[in-house]
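Trainee:
Protein chains: 2
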Amino acid sequence: MLHKTETKELRNHWLEIIYGLQDKICKALEDADGKATFKEDEWQRTEACLPDRQGKGGGGLTRVIADGNVFEKGGVNTSVVYGKVTDAMRRILKITSPVDKSTWFAAGLSLVIHPINPFVPTIHCNYRMFELYEDDMFTDRWFGGGTDLTPYYLFEEDAKYFHQTYKNVCDEFDPSFYSEFKKECDDYFVNTHRNNERRGIGGIFYDHKRPDEKRNTEFWMNFGKACGEAFIHAYISIVEKRKYFLYNANHKRWQEIRRGRYVEFNLIHDRGTVFGLKTGGRTESILMSLPPTVRFEYDYHPEPGSEEDKLLQVCLNPVEWVPQATKGEF
Amino acid sequence: MLHKTETKELRNHWLEIIYGLQDKICKALEDADGKATFKEDEWQRTEACLPDRQGKGGGGLTRVIADGNVFEKGGVNTSVVYGKVTDAMRRILKITSPVDKSTWFAAGLSLVIHPINPFVPTIHCNYRMFELYEDDMFTDRWFGGGTDLTPYYLFEEDAKYFHQTYKNVCDEFDPSFYSEFKKECDDYFVNTHRNNERRGIGGIFYDHKRPDEKRNTEFWMNFGKACGEAFIHAYISIVEKRKYFLYNANHKRWQEIRRGRYVEFNLIHDRGTVFGLKTGGRTESILMSLPPTVRFEYDYHPEPGSEEDKLLQVCLNPVEWVPQATKGEF
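See below:
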């Protein structure tokens with residue numbers, strides 16, 4: 001049994017990782033944009049009853065970019081929040097430990113980037129650590145995260161490159177990860193109310209990964225860090241390749257319709273959004289993920305066989321973009 | 331104990347009311363628009379296990395208007411749906427009756443109108459009847475409904491006129507209704523994640539009204555009908571007064587930002603939307619309520635004292651727009 005003071009070093013190591021990623025990623029995005037820079041908002045979460053600081057429940061560093069050459073709206077946020085386990089949280093996280101004495105701690109990096117040009121995809125990624133304490137004694141810890149790509153037009157080479165990049169990262173840690181986390185991603189970002197349409201072409205997603213003898217806390221921290229670093233080449237290369245593509249009003253309209261599906265997923269289905277809004281997270285930082293301009297048209301369907309339809313079809317039927325290792329190969 | 335065949339006449343009477351309202355309201359809106367007309371979509375709900383028709387679970391008549399002179403997007407829908415009580419429904423409706431043998435029936439009118447001009451308000455109204463059956467025997471029935479106005483700029487005379495119109499309707503039925511239903515409306519259309527900002531200036535809202543000795547089924551049907559008819563002069567008069575107002579890009583931007591709050595309310599908080607999406611309603615008909623073009627800006631705040639701020643303040647602090655009857659007056 002460890003007291004929370006004894007786990008502080010691990011928490012600080014994770015904070016170093018997420019702050020480091022935040023800096024690097026913001027810099028890479030500013031370079032790719034060439035005009036807009038990130039504006040920073042530091043916020044504090046207030047909660048009546050707290051684990052270790054009076055009047056505070058943690059906070060976050062929200063960095064937003066807007067109206068750039070390439071990026072219309074985006075945010076690269078870190079948050080470090082903690083508090084008493086509430087009933088809402090108990091339900092959401094399925095916590096069974098006794099009431100009153102349990103506290104939680106969560107820290108993560110979360111980013112969403114919405115480009116102007118419909119040929120440049122939207123991207124989201126999130127890497128987080130959760131801890132639970134009973135009477136200030138450590139009881140549980142788990143990791144979650146992932147990165148998923150939401151193109152408006154499908155370039156198969158981009159989809160393959162994106163998935164291959166994350167497969168390479170996964171393979172360095174465990175050859176079973178990519179196929180498992182790719183499937184979890186396809187199963188998570190789903191608009192169930194729209195015929196199980198995915199919001200994009202997926203990527204990787206994992207959750208509730210508890211350190212064990214085989215893969216300790218350090219392992220999961222390093223995995224999150226490696227995935228976060230892969231973001232830079234995975235995404236920026238695609239941005240550089242597509243950012244000068246010419247587009248017209250029809251392309252923009254389709255982008256805004258697809259952005260509507262992004263809004264639907266985030267507000268109706270996304271666990272992170274619901275959890276944040278119900279546990280006293282900062283609304284503006286959570287809803288930073290919503291696209292800048294959106295269009296909701298009644299019963300819109302792209303013409304079968306069109307470029308728009310081609311994208312829709314891979315959202316309805318997820319594709320294996322990179323060759324999987326055959327069973328038993330490892 | 332009545333068998334469902336014996337309550338059929340009542341159900342048909344309610345259907346006549348909602349279909350009649352749908353026709354009248356569509357006609358009045360088309361006249362006010364002067365260009366666009368409603369397009370009709372009939373849809374059928376399929377459900378594996380049904381109360382009285384094989385392979386069907388009811389359906390609806392969706393009528394949508396788009397790209398008019400006045401109205402950018404809108405729908406005036408009726409739906410008549412029924413099925414076996416599912417676990418999801420049991421939770422949402424807090425039904426305690428035995429599993430397997432219970433069936434439900436719901437029929438209602440639902441409309442949302444999004445005008446182009448930011449000086450013309452958005453309006454929503456909904457009037458519905460719910461019934462529960464056990465083994466085909468009638469067990470429960472309730473009514474719900476309401477109308478609420480979502481202006482982008484505040485004209486106090488419009489707000490007073492709108493509320494006065496519904497107070498007059500309410501007063502004809504019960505002098506206690508208006509103040510009760512006005513408060514319910516202010517308490518319902520709330521973005522709790524945004525400092526309890528209301529989505530507009532309210533109106534009336536009531537739910538779970540079960541017929542009793544004082545107010546029977548006929549009473550609640552007539553009340554819904556009278557409210558539905560009041561919609562026409564309550565809303566169309568305001569439309570006629572404001573539809574030629576000149577507006578600029580800043581007004582439109584503010585309208586699109588406020589529309590974003592409308593989306594947030596509908597997808598995060600609205601019981602009707604959640605219920606519809608989780609009980610096999612038709613997604614396109616349910617999400618017809620979403621505004622045509624929307625803007626989500628990070629941490630946007632109107633200038634204090636501006637016209638935009640004036641609207642925001644009455645959303646944050648609901649106003650009594652019409653004089654209330656003093657206690658004991660009746």
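Residue numbers (this note's numbering), protein chains in the order written: chain Z, 1 to 330; chain W, 331 to 660.
Backbone N, C-alpha and C define an ideal beta-carbon position, used for all residues, glycine too.
Please read all numbers here as calculations on a predicted model, not as lab measurements.
1. CB-CB under 7 Å to Arg242/Z, same chain, minus the five flanking residues each way: which ones, in chain order?
2. If you follow the alpha helix (DSSP H) that Leu154/Z is in, where does it begin and where does it stop?
3. For Leu29/Z, collect the residues of the same chain with a Cβ closer than 8 Å to its Cβ; drop the 5 residues on either side in sequence, then sort them by chain order.
4. Express the C-alpha separation of Arg524/W and Glu637/W in angstroms, rounding to a whole number.
5. Buried or exposed for Arg295/Z, going by 16 or more other Cβ atoms inside 10 Å?
6. State buried or exposed for Phe245/Z, treating a residue as buried only when at least 16 other CB atoms are found within 10 Å of its CB.
7. Can you give the Cα-Cα distance for Gly534/W and Glu486/W, rounded to whole angstroms?
8. Please check the pair Gly60/Z and Ser289/Z, which I expect to be a contact at CB under 8 Å, by giving their CB distance rounded to whole angstroms.
9. Within the 8 Å Cβ cut-off, does Lys403/W reach chain B?
10. Whole-angstrom Cβ separation of Arg471/W and Thr392/W, contact assumed at under 8 Å?
11. Using a Cβ-Cβ cut-off of 8 Å, state whether Met288/Z counts as contacting chain W.
12. Taking the beta carbon of His163/Z as the centre, do at least 16 other beta carbons fall within 10 Å, making it buried, or is it exposed?
13. What residue range is occupied by the uninterrupted beta strand (DSSP E) comprising Ala107/Z?
14. Taking Lys418/W and Thr609/W to be in contact with their CB atoms under 8 Å, please state how far apart those CB atoms are, rounded to whole angstroms.
15. Just grab the DSSP bridge partners of Gln374/W for me.
16. Do Phe105/Z and Glu131/Z have their C-beta atoms within less than 8 Å of each other?
17. Which residues of the region 244 to 261 of chain Z have a Cβ closer than 7 Å to any Cβ of chain W? Give them in chain order.
18. Mind listing the chain W neighbours of Ala66/Z? Cutoff is C-beta to C-beta under 9 Å, in chain order.
19. Measuring alpha carbon to alpha carbon, tell me which of Glu627/W, Ile587/W, Leu642/W ends up nearest Pro634/W.
20. Using only alpha-carbon positions, find the residue among Leu21/Z, Ile92/Z, Glu134/Z, Pro318/Z that is nearest to Asp100/Z.
21. Going by DSSP in three states, Gly203/Z sits in which element: helix, strand or coil?
22. With a cut-off of 8 Å, does the C-beta of Arg421/W fall near any C-beta of chain Z?
23. Label Asp466/W either buried or exposed according to how many other C-beta atoms from any shown protein chain fall within 10 Å of its C-beta, with 16 as the threshold for buried.
24. Are the CB atoms of Lys167/Z and Tyr178/Z nearer to each other than 8 Å?
25. DSSP on Phe507/W, reduced to helix/strand/coil?
26. Kindly indicate if chain W contains any beta-carbon less than 8 Å away from that of Glu264/Z.
27. What are the residues that DSSP puts in a beta bridge with Tyr82/Z?
28. Closest to Tyr630/W by CA distance: which of Thr613/W, Glu586/W, Leu439/W is it?
29. Decide if Leu332/W is buried, meaning its Cβ has at least 16 other Cβ atoms within 10 Å, or exposed.
30. Does His454/W get closer than 8 Å to chain Z when you measure Cβ to Cβ?
31. Alpha carbon to alpha carbon, what distance is there between Arg199/Z and Arg261/Z?
32. Under 8 Å between C-beta atoms, does Lys214/Z make it to chain W?
33. For Cys26/Z, which residues in the same chain have their Cβ closer than 6 Å to its Cβ, ignoring the five residues on either side in sequence?
34. What is the DSSP secondary structure of Asp52/Z, counted as helix, strand or coil?
35. Mind checking which residues open and close the alpha helix (DSSP H) that includes Tyr133/Z?
36. Please confirm whether His3/Z has its beta-carbon closer than 8 Å to some beta-carbon of chain W.
Mentor: The structure says:
1. Excluding sequence neighbours, Arg242/Z sits near Asn117, Phe119, Val120.
2. Annotation for Leu154/Z: no alpha helix (DSSP H) segment contains it, and DSSP assigns it neither H nor E.
3. Phe38, Ile65, Phe71, Gly74, Val76, Ile113, Ile236.
4. Answer to the nearest angstrom: the Cα atoms are 20 Å apart.
5. With 16 or more Cβ atoms within 10 Å of its Cβ, Arg295/Z is classed as buried.
6. Around the beta carbon of Phe245/Z, fewer than 16 other beta carbons lie within 10 angstroms, which makes this residue exposed.
7. For clarity, residue 534/W is Ile in the given sequence; the question names Gly instead. Spanning the two alpha carbons is a distance of roughly 17 Å.
8. Not a contact, Cβ separation roughly 14 Å.
9. The chain labelled as chain B is not found among the protein chains of the depicted structure, namely Z and W.
10. Actually they do not touch by this definition, with Cβ atoms about 25 Å apart.
11. Yes, because at least one Cβ of chain W sits closer than 8 Å to the Cβ of Met288/Z.
12. Buried: at least 16 other Cβ atoms inside 10 Å.
13. Counting along the chain, the beta strand (DSSP E) containing Ala107/Z begins and ends at 102 to 115.
14. Note that residue 418/W corresponds to Ala in the displayed sequence, not to Lys. That pair is a contact at about 7 Å.
15. DSSP output for Gln374/W lists Gly389/W as bridge partner(s).
16. A distance below 8 Å separates the beta carbons of Phe105/Z and Glu131/Z.
17. So nothing in the stretch comes that close.
18. Contact of Ala66/Z with chain W by beta-carbon distance below 9 Å involves Glu627, Tyr628.
19. Checked all of Glu627/W, Ile587/W, Leu642/W; the closest Cα to Pro634/W is Leu642/W.
20. Among Leu21/Z, Ile92/Z, Glu134/Z, Pro318/Z, the Cα nearest to that of Asp100/Z is on Glu134/Z.
21. The answer is strand: DSSP assigns Gly203/Z an E or B state.
22. Residue contact check for Arg421/W against chain Z: no CB pair falls below 8 Å.
23. Label assigned to Asp466/W: exposed.
24. Yes, they are a contact pair.
25. Three-state DSSP puts Phe507/W in a helix.
26. So, interface residue.
27. DSSP output for Tyr82/Z lists Phe105/Z as bridge partner(s).
28. Residue Glu586/W holds the alpha-carbon nearest to the alpha-carbon of Tyr630/W among Thr613/W, Glu586/W, Leu439/W.
29. Exposed: under 16 other Cβ atoms inside 10 Å.
30. Not one chain Z Cβ lies under 8 Å of His454/W.
31. Cα-Cα distance, rounded: 7 Å.
32. Using beta-carbon distances, Lys214/Z does not count as an interface residue toward chain W, since no partner is under 8 Å.
33. Only Phe38, Arg63, Val76 meet the Cβ criterion.
34. Unreliable placement is indicated for Asp52/Z, whose pLDDT of 40 sits below 50; the coordinate value is still reported in the next sentence. Coil.
35. That residue, Tyr133/Z, is in no alpha helix (DSSP H); its beta strand (DSSP E) goes 122 to 134.
36. Taking 8 Å as the threshold, the shortest C-beta distance from His3/Z to chain W does not fall below it.
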